[in-house]
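Visitor: Chains as they are written, first to last, in the numbering used here: chain F, 1 to 153; chain C, 1 to 153. Below is a structure I'd like to ask you about.
2 protein chains.
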Amino acid sequence: MDLGIGEVAALSGLSVHTLRFYEREGLFANPVRRLSNGRRIYQEEDLEWLAICTKLRSSGMSLPEIRQYIELVRQGPGNERERLEVLRRHQNHVEAQIQELRETLTVMRHKVEIYEDRIARGEADQLWNPSHPDAARAVADEECRPPEDACLR
Amino acid sequence: MDLGIGEVAALSGLSVHTLRFYEREGLFANPVRRLSNGRRIYQEEDLEWLAICTKLRSSGMSLPEIRQYIELVRQGPGNERERLEVLRRHQNHVEAQIQELRETLTVMRHKVEIYEDRIARGEADQLWNPSHPDAARAVADEECRPPEDACLR
DNA sequence: CTAGAAGCTAGAGTCGGGTCTAGCTCAAGT
DNA sequence: ACTTGAGCTAGACCCGACTCTAGCTTCTAG
């Protein structure tokens with residue numbers, strides 16, 4: 001049930017460098033045990049924690065915040081309220097991120113739609129549609145390109 | 001309708017430093033015009049673009065990617081397909097992020113729930129509930145704290 | 001017995017995305 | 001006339017989170 005650093009790296013998706021780095025940063029609940037020859041040995045628990053830990057990271061929790069949390073865990077029972085508070089704070093943070101991304105998403109969809117329309121119209125009549133205000137100018141004057149519609153940024 | 005850098009900073013939420021930095025990085029569609037004395041002047045258009053730009057940034061588009069996109073815009077009409085592709089790529093990226101955050105969120109909710117339960121139970125009978133497996137040991141041996149349940153990390 | 005793979009430590013380097021400084025110019029208000 | 005405030009440039013600096021290097025040890029397979 002003991003795992004070497006290479007195995008943990010393979011299983012967790014983190015590099016061995018990063019595992020050592022995380023350890024230096026105090027991100028493990030229980031100090032990583034060593035074999036008599038100095039090599040680190042990890043348990044399945046560590047792997048489980050790493051899975052959570054990378055989720056926390058990828059959802060924007062900073063290393064100091066994670067350390068803060070795991071320090072509470074290390075102190076043992078009695079500070080559940082504080083841990084809960086940290087978790088709730090991050091939960092809110094994640095919710096806010098989702099909300100923001102959703103707004104961005106509607107903007108993206110909007111823009112994509114505009115471009116799709118444009119392209120579809122351009123396709124419909126190989127050249128730029130003469131009924132489009134730009135077309136006359138575009139034909140009259142190759143040099144002077146029409147000022148781009150702001151929504152085509 | 002002309003805006004100074006300070007005004008744009010105030011309106012966009014970016015610092016004047018950042019505005020200059022973005023300009024150096026080529027993130028503006030049209031090269032920022034200057035007054036005869038060298039001061040930058042921005043138009044409302046720039047403000048609109050900055051709003052989009054910060055949305056792109058905050059949703060994880062890198063500065064090089066944004067530059068790539070705006071370069072297509074600068075080249076003028078004719079490359080709509082490419083622009084569309086960049087937009088679609090980012091749209092997918094945003095969708096993926098939302099998905100990942102949602103997964104994280106369910107994990108967070110789960111953990112929060114576990115802690116809420118714990119705390120509620122602890123509250124119900126001031127000391128740790130004697131019906132809980134840890135309790136006997138905790139009473140029998142103050143020194144030896146129970147190994148924490150992995151889900152309390 | 002030896003080569004190669006895998007570990008170890010301390011510390012340096014990298015990268016992205018800003019952020020700040022020094023030293024200067026300009027314009028307005030008192 | 002002078003201070004103050006906003007701008008300008010070039011370039012240095014910072015921070016977070018890795019990532020890699022050098023130099024050494026230790027295990028394992030042939």
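For each residue, glycine too, the CB sits at the ideal point set by N, CA and C.
1. Glu148 (chain F) lies in the alpha helix (DSSP H); which residues open and close that run?
2. Going straight from the alpha carbon of Leu19 (chain C) to that of Trp49 (chain C), what length do you get?
3. With a CB to CB cut of under 6 Å and the five nearest residues on each side skipped, what residues in its chain are close to Tyr42 (chain F)?
4. Just checking my contact of Gln97 (chain C) with Gly60 (chain C) at CB under 8 Å: how many whole Å lie between their CB atoms?
5. Considering only their Cβ atoms, is the gap separating Val94 (chain C) from Leu101 (chain F) smaller than 9 Å?
6. Which of the three DSSP states is assigned to Leu11 (chain C) in this structure?
7. So the candidates are F:Pro77, F:Ile119, F:Pro147; which of them puts its Cα closest to the Cα of Pro122 (chain C)?
8. To the nearest angstrom, report how far apart Ile70 (chain C) and Ser36 (chain C) are at their CA atoms.
9. At a Cβ cut of 8 Å, what residues of the stretch 61-84 of chain F count as close to chain C, listed as they run along the chain?
10. In chain order, what residues of the same chain have a beta carbon less than 7 Å from the beta carbon of Asp117 (chain C), not counting five sequence neighbours either side?
11. Nearest to Arg242 (chain C) by alpha carbon, out of C:Met1, C:Arg67, C:Gly38?
12. Does Gly38 (chain C) get closer than 9 Å to chain F when you measure Cβ to Cβ?
13. Which whole runs of the beta strand (DSSP E) in the stretch 44-122 of chain F are 3 residues long or more, in chain order?
Guide: Quick answer:
1. Element bounds for Glu148 (chain F): n/a, residue is neither H nor E.
2. 12 Å
3. Leu3, Val8
4. 7 Å
5. yes
6. helix
7. Position check: residue 122 (chain C) holds Gly in this sequence, whereas Pro was assumed. Nearest option by C-alpha distance: F:Pro77.
8. 26 Å
9. Ile70, Val73, Gly76, Pro77, Glu80, Arg81, Arg83, Leu84
10. none
11. In the structure as shown, chain C begins at 1 and stops at 153. Residue 242 (chain C) is therefore absent and cannot be evaluated.
12. no
13. none
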